[in-house]
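Presented below is the structure to which this report refers.
Structure (structure tokens):
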């Protein structure tokens with residue numbers, strides 16, 4: 001994954017990425033600064049925390065992701081965000097490196113729509129000890145905070161699709177934002193039950209894949225990638241309606 005350093009104190013650094021966060025010592029060759037972006041390999045620990053296994057040597061900065069610390073362990077994140085969905089009084093945003101964030105309707109501009117891209121300010125929230133923390137957008141920022149409109153983004157996604165012969169985007173940005181009730185996307189298999197496999201992608205968590213869709217009979221291993229067509233059920237769950245049982249081989253990702 002790509003991760004961004006969101007806090008550094010007491011000789012430790014906190015790195016945030018799409019699935020959660022990890023902590024590492026910030027000394028010697030691994031010394032980083034707030035806002036640095038690095039490649040990381042992690043192992044699941046608990047909630048949204050992960051153990052850091054390895055870290056790439058290349059250190060980068062991103063113009064679309066700026067981290068400004070305040071107090072000891074808190075920070076504001078200023079970034080470009082795609083508006084990808086709505087749910088229970090919130091816009092759902094997809095942001096660089098960090099991943100999903102929520103934006104309350106009451107704080108969002110009236111003209112905000114799904115498919116837009118905006119510059120926003122975000123903070124990390126944790127309301128209950130038993131709940132994982134999450135990112136919340138608090139406001140749009142700058143005189144030109146609206147980066148593009150729904151139609152602009154739709155055209156961009158269409159052009160991206162044309163340029164990808166295999167039908168899916170790179171491992172860094174797996175699916176496009178939804179433009180129809182049903183859409184093919186790439187998911188990583190994260191687990192299974194007696195009846196279902198479970199997959200995640202950049203804009204949807206917990207996609208249920210009925211095992212009956214797997215006509216090949218080959219087990220969908222945890223950490224492997226597949227193409228599925230998904231839809232939102234009446235109860236709000238995300239379910240796959242079709243499955244391409246030919247696995248994809250994406251070298252940039254590994255789930256342990």
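Residue numbers (full-length UniProt numbering): 1 to 256. Idealized CB from N, CA, C, for every residue including glycine. Since this is a predicted model, take the numbers as computed values, not measurements.
query                                                                                                                                                  : result
Per DSSP, which one or two residues make a beta bridge with residue 189?                                                                               : 199
Rounded to a whole number of angstroms, what is the C-alpha to C-alpha distance between residue 13 and residue 134?                                    : 18 Å
May I have a chain-ordered list of the alpha helix (DSSP H) segments no shorter than 4 residues that lie completely inside the region 45-77?           : none
For residue 20, is the classification buried or exposed, using 16 other Cβ atoms within 10 angstroms of its Cβ as the cut-off for buried?              : buried
Going by alpha carbons, who is nearest to residue 69 out of 52, 34, 94 and 102?                                                                        : 34
In the DSSP assignment, the beta strand (DSSP E) including residue 139 goes from what residue to what residue?                                         : 134-140
Among 97, 96 and 101, which residue has its Cα nearest to the Cα of residue 90?                                                                        : 101
If I measure Cβ to Cβ from residue 73 and keep anything under 8 Å in the same chain, skipping five residues before and after, which residues do I get? : 7, 9 and 14
Do you know how far the Cα of residue 111 is from the Cα of residue 53?                                                                                : 43 Å
Going straight from the alpha carbon of residue 79 to that of residue 61, what length do you get?                                                      : 12 Å
Exposed or buried, residue 106, counting other C-beta atoms within 10 Å across all chains shown (16 or more means buried)?                             : exposed
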